[in-house]
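Student:
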Amino acid sequence: MTDGPQDNGRDGIIAVGLPAPTAVPEPGSRPMSSFTDTTLDRMARYLQLASLFRNKIITGDWPVGGRIPNVADLAVDFEVARGTIREALGVLEDEGLIERFRAKGSFVRRTPKERSAHRLAIDWASLISAHEGADIEVLEQRDLDELPAFATGEGEPAEHYTMMRRVHARDGHPYLAARFILDSELFRQGPPERFRHEATLPILHEIAGKRIARANQIMTLGSADREMAALLELPLNAPVAHVVRRAIDTSGKLIYVGEGIYRGDAVRLEIALI
651 MTDGPQDNGR DGIIAVGLPA PTAVPEPGSR PMSSFTDTTL DRMARYLQLA SLFRNKIITG
711 DWPVGGRIPN VADLAVDFEV ARGTIREALG VLEDEGLIER FRAKGSFVRR TPKERSAHRL
771 AIDWASLISA HEGADIEVLE QRDLDELPAF ATGEGEPAEH YTMMRRVHAR DGHPYLAARF
831 ILDSELFRQG PPERFRHEAT LPILHEIAGK RIARANQIMT LGSADREMAA LLELPLNAPV
891 AHVVRRAIDT SGKLIYVGEG IYRGDAVRLE IALI
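Its first residue numbered 651, the sequence shown is counted upward by one per residue in my numbering.
#1: Please state whether the Cβ-Cβ distance between isoleucine 970 and leucine 699 is less than 8 angstroms.
#2: Using 8 angstroms as the Cβ pair cut-off and three pairs as the minimum, do the segment 818 to 826 and the segment 788 to 806 touch?
#3: Whose C-alpha, out of Glu745, Ala863 and Tyr696, is nearest the C-alpha of alanine 725?
#4: Cα-Cα, which of Gly740, Leu770 and His768 is closest to phenylalanine 757?
#5: If proline 762 and leucine 747 are in contact, beta carbons under 8 angstroms, what's the gap, nearest whole angstrom?
#6: Since I believe leucine 794 is in contact with valine 917 (beta carbons under 8 angstroms), could you give me their beta-carbon distance rounded to a whole number of angstroms?
#7: Taking C-alpha atoms, which residue in Ala922, Leu851, Arg829 and Ala865 lies nearest to isoleucine 911?
#8: DSSP beta-bridge partners for glycine 715?
#9: With burial defined as no fewer than 16 other Cβ atoms inside 10 Å of the residue's Cβ, what is the status of aspartate 821: buried or exposed?
#10: Give me the DSSP bridge partner(s) of phenylalanine 751.
#11: Going along the chain, which residues of its own chain have a beta-carbon closer than 6 angstroms to the beta-carbon of threonine 812, five neighbours each way excluded?
#12: So who's on the other strand from aspartate 899, going by DSSP bridges?
#13: Using alpha carbons as the reference points, say which of Ile853, His847, Glu848 and Ala849 lies closest to glutamine 839.
#14: Taking the alpha carbon of glycine 902 as the reference point, which residue from Asp711, Glu743 and Glu804 has its own alpha carbon closest?
#15: Answer with buried or exposed for proline 655, where buried requires no fewer than 16 other C-beta atoms within 10 angstroms of its C-beta.
#16: Do you know offhand how far alanine 784's Cα is from arginine 861's?
#17: What is the rounded straight-line gap between the Cα of alanine 819 and the Cα of aspartate 744?
#18: Give me the residue from Ile772, Pro842, Gly715 and Val714 with the minimum Cα distance to alanine 922.
#19: Compare the C-alpha of alanine 753 against each of Val730, Ala738, Ala731 and Val721 and name the closest.
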């Protein structure tokens, strides 16, 4: 084998309910909460509403130059206090998307600046170049003697692993919070400093591409918990894409597991059907 992994159709990853290492808050997803859920604080509700209203501008439901519904009507529609609606509209006003006038109402002034969409690759060759040009911030690095439970179940474990958590950004905007778990021998071959500034898969392909017998990827959709909302600059419960990848070498050893949480508005999946 010389050109990277081959897909043998095996589906060995369950990408739901992933636990994080002991000292790291779990980055998993959870069901979308309703706006009337009393377990969410007021801030969470108005940020959720601001996100929804922003999407109405993006989709044209609230066109530029148009008058948006009044506060009282919106409060009834979403079953929240008028003060919560005013706070949500205040977020959009601070962003320059709307302008509010006493006695006249609120009007849409412009659409949000479009984010650069990250194309979610579905083949190995595309994956190794997917994060070119991204800025990477390292959050944590540690050695692991045992794999987290979510990473077990396929492939023989290596003797030791190294885990690193990072945030990827473009144009100053974070789009991916991720962690990789890599055979420590390969991490040392990197060398380690490269992983602080470069995407993982190009390095893995360079140092172990001929050894990789199979690799797979699974994506599920979910919502941002508090940690992911903070890291990706999202409202609580905003849509996210949850991706898990793994690679197994020719000896059957699990050499790499990657887990990534992408902003829902910054990722695009394209599949040619014909």
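Note that CB positions come from ideal geometry on N, CA and C, so glycine has one too. These numbers were taken from a predicted model, which means no experiment stands behind them.
Tutor: Put simply:
#1: The question about residue 970 has no answer, for the chain in this structure spans 651 to 924.
#2: no
#3: Tyr696
#4: Gly740
#5: 6 angstroms
#6: Not a contact, Cβ separation roughly 28 angstroms.
#7: Arg829
#8: Answer by DSSP bridge pairing: none, since glycine 715 is not bridged.
#9: exposed
#10: Gly755
#11: Asp793, Leu832, Ser834 and Phe837
#12: Ile862
#13: Ile853
#14: Glu804
#15: Residue placement at proline 655 is poorly supported in this model, since its pLDDT is 44, which falls under 50; the coordinates still yield a value, given next. It counts as buried.
#16: 27 angstroms
#17: 23 angstroms
#18: Ile772
#19: Val721
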